[in-house]
Amino acid sequence: MAIETNQVVSIEYEVRDGEKIVDSNVGAEPLVFMFGRGQIIPGLENAIANMSIGEKTDVLVKAEDAYGEHNDEAKQEVPKDQFAGIDLEVGMTLYGQGEDGGTIQVVVQEIGSESVIIDFNHPLAGKDLAFTVSINNIREASAEEIASGIPAENQQESCCGTGAGAGCGC
170 MAIETNQVVS IEYEVRDGEK IVDSNVGAEP LVFMFGRGQI IPGLENAIAN MSIGEKTDVL
230 VKAEDAYGEH NDEAKQEVPK DQFAGIDLEV GMTLYGQGED GGTIQVVVQE IGSESVIIDF
290 NHPLAGKDLA FTVSINNIRE ASAEEIASGI PAENQQESCC GTGAGAGCGC
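In the working numbering, the protein residues as written are 170 to 339.
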């Protein structure tokens with residue numbers, strides 16, 4: 170039976186670029202997401218659409234269905250003083266806030282005396298990725314999860330003001 174939009178899916182995966190493992194959650198917490206909401210790369214989501222709980226498969230996701238093709242023009246020269254307090258290194262990944270308020274990831278490409286060249290391409294852009302993926306669970310989302318787009322497993326618990334006591338981090 171096909172996985173449907175807004176169902177909450179839990180997977181275990183390993184992803185390789187050639188022979189090199191670039192990410193894995195095997196033996197750790199599963200990746201939990203809402204199907205059909207663009208929360209994982211499209212090629213992987215399409216590949217698991219007809220899987221069921223307990224199934225495991227290997228799938229090759231082409232670059233255009235993963236993190237896109239590498240764009241040589243997705244670079245920017247930024248004044249070095251914008252990185253004050255950061256011990257910059259070539260190849261270092263930095264995170265910032267995009268114009269839309271979302272998190273963006275950049276990689277330091279060059280460090281000059283007055284400026285830094287950063288690359289906005291995802292580190293896996295332009296690469297075909299081999300996934301081994303297992304479906305741990307599929308469940309219906311609650312109305313709250315559908316409205317927020319965030320599965321309960323991924324929601325941050327807020328206990329401030331609830332009298333829950335110490336351990337809350339408030």
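Yeah, the Cβ is synthetic: ideal placement off N, Cα and C, and Gly gets one too.
Would you mind sorting Asn194 into buried or exposed? The rule is 16 or more other CB atoms within 10 Å of its CB.
exposed
So Ala299 and Asp227 are supposed to be a Cβ contact under 8 Å. How far apart are they, rounded?
7 Å
Check Glu322 in the structure and name its three-state DSSP category.
helix
DSSP three-state label for Gly265, please.
strand
Bridge partner(s) assigned by DSSP for Tyr182:
Val302
Are Phe353 and Pro292 touching if we call contact CB-CB under 9 Å?
Here the chain has residues from 170 to 339 only, and residue 353 is not among them.
Looking at the strands, I want to know which residues DSSP matches up with Ser221.
DSSP, once it has assigned bridges, lists no residue as partnering Ser221.
Beta bridge counterpart(s) of Glu279 as assigned by DSSP:
Ile286
Would Ala294 pass as a contact of His239 if the rule is Cβ separation under 9 Å?
yes
Rounding to the nearest angstrom, what Cα-Cα distance links Phe204 and Ala216 in this structure?
12 Å
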